[in-house]
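S.K.: I'd like to ask you about the structure that follows.
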Amino acid sequence: MVWKFSMHLVSLVFLIVSSLLCLSMSLMSLQNLVSYVIEWELYSLNSSSIVVTLVFDWLSFMFLSFILFISSMVMFYSGEYMSGDKHYNRFMYLVLAFVISMNALIVSPNLISILLGWDGLGLISYVLVIYYQNEKSANAGMLTVLSNRVGDVAILLSIALFFSMGGWNFMVWSLYTSEDMILMKVLIVVAAMTKSAQIPFSAWLPAAMAAPTPVSALVHSSTLVTAGVYLLIRFSPIFEGSSVQSFLLIISCTTMFMAGLGANFEYDLKKIIALSTLSQLGVMLSVLSLGFPDLAFFHLLTHALFKALLFLCAGVVIHSLGDYQDIRMMGGLIISMPLTGVCMNLSNLSLCGMPFMAGFYSKDLILEMAFMSNINFISFIMYILATGLTVSYTFRLIFYSLTSMSHISNMSGISDNDFIMTNPMVMLSLSSILSGASLSWVMFPEYYMICLSSFMKSLVLLLLLIGSFTGYMLNIMSLNETLSSLGLYFISSFSGSMWFMPFLSSVKLNYYILKLGKSYDKIGDKGWSEYFGGQGGFSVIMKGSYYLEVTQGNMIKIYMKSFFLWVTIVVIMLVLI
Numbered sequence: 001m002v003w004k005f006s007m008h009l010v011s012l013v014f015l016i017v018s019s020l021l022c023l024s025m026s027l028m029s030l031q032n033l034v035s036y037v038i039e040w041e042l043y044s045l046n047s048s049s050i051v052v053t054l055v056f057d058w059l060s061f062m063f064l065s066f067i068l069f070i071s072s073m074v075m076f077y078s079g080e081y082m083s084g085d086k087h088y089n090r091f092m093y094l095v096l097a098f099v100i101s102m103n104a105l106i107v108s109p110n111l112i113s114i115l116l117g118w119d120g121l122g123l124i125s126y127v128l129v130i131y132y133q134n135e136k137s138a139n140a141g142m143l144t145v146l147s148n149r150v151g152d153v154a155i156l157l158s159i160a161l162f163f164s165m166g167g168w169n170f171m172v173w174s175l176y177t178s179e180d181m182i183l184m185k186v187l188i189v190v191a192a193m194t195k196s197a198q199i200p201f202s203a204w205l206p207a208a209m210a211a212p213t214p215v216s217a218l219v220h221s222s223t224l225v226t227a228g229v230y231l232l233i234r235f236s237p238i239f240e241g242s243s244v245q246s247f248l249l250i251i252s253c254t255t256m257f258m259a260g261l262g263a264n265f266e267y268d269l270k271k272i273i274a275l276s277t278l279s280q281l282g283v284m285l286s287v288l289s290l291g292f293p294d295l296a297f298f299h300l301l302t303h304a305l306f307k308a309l310l311f312l313c314a315g316v317v318i319h320s321l322g323d324y325q326d327i328r329m330m331g332g333l334i335i336s337m338p339l340t341g342v343c344m345n346l347s348n349l350s351l352c353g354m355p356f357m358a359g360f361y362s363k364d365l366i367l368e369m370a371f372m373s374n375i376n377f378i379s380f381i382m383y384i385l386a387t388g389l390t391v392s393y394t395f396r397l398i399f400y401s402l403t404s405m406s407h408i409s410n411m412s413g414i415s416d417n418d419f420i421m422t423n424p425m426v427m428l429s430l431s432s433i434l435s436g437a438s439l440s441w442v443m444f445p446e447y448y449m450i451c452l453s454s455f456m457k458s459l460v461l462l463l464l465l466i467g468s469f470t471g472y473m474l475n476i477m478s479l480n481e482t483l484s485s486l487g488l489y490f491i492s493s494f495s496g497s498m499w500f501m502p503f504l505s506s507v508k509l510n511y512y513i514l515k516l517g518k519s520y521d522k523i524g525d526k527g528w529s530e531y532f533g534g535q536g537g538f539s540v541i542m543k544g545s546y547y548l549e550v551t552q553g554n555m556i557k558i559y560m561k562s563f564f565l566w567v568t569i570v571v572i573m574l575v576l577i
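Structure follows, in structure tokens:
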């Protein structure tokens, strides 16, 4: 027990100190407008050289500080949450390796070195998703790793295509903005879409909830799912004015609408939070496609804080309720667990963009810039609906879990007196309140010029009111049961299952692939390939050997038959002549 306590305590101190150091370096770099680039040439081939490059600018330092801070809170939190696990040390080492892989990705401007961190994230995330050894975790882990392998292949193809350009650094690529690079741009976008779980790769994100809750807090806040967004932020100069931006805008808007709609049908606490992550990733990528990478990075940082807080609060609730996750059986948590309830409420309000919370500063600015941009009507409607649905499922979660009538047995005796689990929540709560204004002052010393009508300016507050009322109504009545009673079974099933994406990504896809494999095995491996391959060749050789043996054993008979045949032919020819 002493080793377990010291393990998470040492991790806390080391990560906190590293986070403060990175934050101070970020502020210094931003103030002095300096960047540090470290290069180490490993190998040179003709005009291309393989160079290990590390870039330290205010962007990478800032993101590193947030990741290290959230990781320190998660590690300290895991000291109690995973205390009963017999593989506790293994879990802590895996989480540290996960953080190191993300840090390697952040400071790498080179695609080859990015691939090392990228693959490290994919491999360790698979190990963490299957941490609990059961069939559900194994299926979720396989779906996660195979979905992410698509992005790995895209990066490998990008490395091959950019070999002709003499380097793989994004600083070199920013000089090339022509449409000749359209294939490379598409590959980078596809790689980002797989890691950030955009349509059609969205199924793995809720499935990854099979991992322990501290891992979910780390994965869904600042590491795995944000790797794709960070990659596009780094390579944003090559996408300016490209048709790929329109494609990314359509995909991201559709994703955030689909995730917001699905979260209003969901009753699993962790899956609701996972779908909220998917929705916010769509917001980040959509504002990236509009040409505002600084706003995407701003929302990435604020979202990391309040989403980590929301997952830690959910972990305390699930831990106290005996690993129960259905929000219909919760209620009254603000009375039985007041500190957890307050922290959870803060994170939820920040998620839906309540004024003066961290999420408000980034989401409000994103919506205003999106309304000012030349986006089409469909994307505009998607933005409005997704924002309203975000507020709706957030208030639905608040009413179900915190304020409604308690469904917990009076004998359960739940509380939130464990300081190891509540201290990280308090720290993240303070960050969720203060980080929005602080980051806006640091990152945007000059104001954005906003030119909107009074109606468009007040539309965001109107969406907050409509969404909160909708969430309250969904707490009173079940959307699934209402649609089913009206005979709209397909709409209920379609909306509540992420548009059948998990089914299409796993069962349906596997069915046809397995059927194709069976047909190939029957027709090819056991059919034509046998006929023209091993068995067919063996049969031809055996028949040839048989005829050769017959020929050699009856040599005189064959000679006599041949002689009489030729004599007969000669006689017939003489008679005819």
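Numbered by the UniProt record's numbering, the letters in the sequence shown go through residues 1 to 577 in order.
Quick reminder that beta carbons are idealized off the backbone N, C-alpha and C, glycines included.
Keep in mind that this is a model prediction, so the values were computed, not measured.
Would you say Met337 and Leu310 are within 8 angstroms of each other, going by their C-beta atoms?
M.R.: No.
S.K.: Secondary structure at Leu42, three-state DSSP: helix, strand or coil?
M.R.: Leu42 falls in the strand class under three-state DSSP.
S.K.: Would you kindly work out how many angstroms separate the C-alpha atoms of Met181 and Gly291, rounded to a whole number?
M.R.: Approximately 18 angstroms, taken between the alpha carbons.
S.K.: For Lys271, which residues of its own chain have a beta-carbon under 7 angstroms away from its beta-carbon, when the five flanking residues on both sides are left out?
M.R.: The answer, listed in chain order, is Pro206 and Met209.
S.K.: Should Trp40 be labelled buried (16 or more other beta-carbon atoms within 10 Å of its own) or exposed?
M.R.: Trp40 is exposed by the Cβ-count criterion.
S.K.: On the CB-based measure, 16 or more other CB atoms within 10 Å of its CB, does Arg328 come out buried or exposed?
M.R.: Exposed.
S.K.: Please return the same chain residues whose Cβ sits closer than 6 angstroms to the Cβ of Ser373, not counting the five positions on each side in sequence.
M.R.: So the qualifying residues of the chain are Leu290.
S.K.: Using the beta-carbon count (16 or more within 10 Å), is His87 buried or exposed?
M.R.: It is exposed - the Cβ of His87 has fewer than 16 other Cβ atoms within 10 Å.
S.K.: Measure the CB-CB distance between Thr194 and Val225 and report whether it falls below 8 angstroms.
M.R.: No, they are not a contact pair.
S.K.: If we ignore side chains and look at the alpha-carbon of each, how far apart do Met262 and Phe66 end up?
M.R.: As written in the sequence, residue 262 is Gly, which differs from the Met given in the question. Roughly 29 angstroms separates the two Cα atoms.
S.K.: Ignoring anything shorter than 3 residues or poking outside the stretch 260-284, list the beta strand (DSSP E) runs there in chain order.
M.R.: As far as the stretch 260-284 is concerned, it has no whole beta strand (DSSP E) run of at least 3 residues.
S.K.: Once the 5 residues before and after Ser429 are set aside, which same chain residues still bring their CB inside 7 angstroms of it?
M.R.: These residues qualify, in order along the chain: Leu309, Cys343 and Leu346.
S.K.: With a threshold of 7 angstroms on Cβ separation, who are the neighbours of Val2 within its own chain once the five nearest residues in sequence on each side are excluded?
M.R.: For Val2, the predicted model reports a pLDDT of 44, less than 50, meaning its position is unreliable; a value from the coordinates is still stated below. Excluding positions up to five away in sequence, the list is empty.
S.K.: Identify which residue in Ser137, Asp323, Ser401 and Pro424 has its Cα closest to the Cα of Trp204.
M.R.: Comparing Cα positions, the closest option is Ser137.
S.K.: Report yes or no: do the stretch 79-94 and the stretch 151-166 share at least 3 C-beta pairs separated by less than 8 angstroms?
M.R.: Taking 8 angstroms as the limit for Cβ pairs, the verdict is that the stretch 151-166 does not touch the stretch 79-94.
S.K.: Can the beta-carbon of Tyr383 be found less than 8 angstroms from the beta-carbon of Met330?
M.R.: No. Outside cutoff.
S.K.: Would you report the Cα separation of Thr403 and Ile334, rounded to the nearest angstrom?
M.R.: Going by the C-alpha atoms only, they are around 7 angstroms apart.
S.K.: Return helix, strand or coil for Leu54, following the three-state DSSP convention.
M.R.: In this structure, Leu54 counts as strand in the three-state DSSP scheme.
S.K.: Rounded to whole angstroms, what's the CA-CA distance from Ala140 to Gly282? Just pull it up for me.
M.R.: Whole-angstrom Cα-Cα distance: 22 angstroms.
S.K.: Buried or exposed: which applies to Glu135, given that a residue is buried once 16 or more other Cβ atoms fall within 10 Å of its Cβ?
M.R.: Glu135 is exposed by the Cβ-count criterion.
S.K.: Extract the residue ranges of the alpha helix (DSSP H) inside the stretch 55-102, only unbroken runs of 4 or more that lie entirely within it.
M.R.: Counting only runs of 4 or more, we get 58-81.
S.K.: Which first and last residues belong to the alpha helix (DSSP H) in which Arg328 is found?
M.R.: No alpha helix (DSSP H) contains Arg328, which DSSP labels as neither H nor E.
S.K.: Beta-carbon within less than 6 angstroms of Leu231's beta-carbon, same chain only, minus the 5 sequence neighbours each way: which residues are those?
M.R.: Closer than 6 angstroms at Cβ, skipping near neighbours: Ala192.
S.K.: Buried or exposed, going by whether 16 or more other CB atoms sit within 10 Å of the CB of Thr568?
M.R.: Classification for Thr568: exposed.
S.K.: I'd like the list of long-range same chain contacts for Ile100, defined as Cβ closer than 7 angstroms, with 5 residues on each side in sequence excluded.
M.R.: Hits under 7 angstroms: none found.
S.K.: Pull the bridge partners of Tyr36 from the DSSP assignment, please.
M.R.: Phe56, per the DSSP bridge assignment.
S.K.: Since His220 and Lys307 are thought to touch, with beta carbons under 8 angstroms apart, how far apart are those beta carbons, to the nearest angstrom?
M.R.: Contact holds; Cβ gap of about 6 angstroms.
S.K.: Here's the rule I'm using: 16 or more other beta-carbon atoms within 10 Å means buried, otherwise exposed. How should Cys22 be labelled?
M.R.: When all chains shown are included, Cys22 counts as buried.
S.K.: Measure from the alpha carbon of Cys352 to the alpha carbon of each residue in Phe444, Leu434, Ser468 and Val229, then state which is nearest.
M.R.: For the residues Phe444, Leu434, Ser468 and Val229, the minimum Cα distance to Cys352 belongs to Ser468.
S.K.: Taking the straight line between their C-alpha atoms, what separation do you get for Gly537 and Ile523?
M.R.: Cα-Cα distance, rounded: 18 angstroms.
S.K.: Between which residues of its own chain and Met499 is the CB-CB distance below 7 angstroms, once the five residues before and five after are set aside?
M.R.: In the sequence under discussion, the amino acid at residue 499 is Trp, which differs from the Met named in the question. So the list reads Met258, once near-sequence residues are dropped.
S.K.: Between the alpha carbons of Glu446 and Ile318, how many angstroms are there, rounded?
M.R.: Their backbone Cα atoms lie some 44 angstroms apart in a straight line.
S.K.: Indicate the three-state DSSP secondary structure (helix, strand or coil) for Asn376 in the structure shown.
M.R.: Note: Asn376 maps to coil in three-state DSSP.
S.K.: Does the beta-carbon of Trp58 have 16 or more other beta-carbons within 10 angstroms, so that it is buried, or is it exposed?
M.R.: The residue in question, Trp58, is buried, as its Cβ has 16 or more Cβ neighbours within 10 Å.
S.K.: Looking only at C-alpha atoms, which of Tyr324, Phe265, Ser350 and Asp268 sits nearest to His303?
M.R.: If we check each option's Cα against that of His303, Ser350 comes out closest.
S.K.: Skipping 5 residues on each side, what residues in its chain have a beta carbon closer than 7 angstroms to that of Asp119?
M.R.: If we look at Asp119 and ignore the five residues flanking it on each side, its Cβ neighbours are Asp152.
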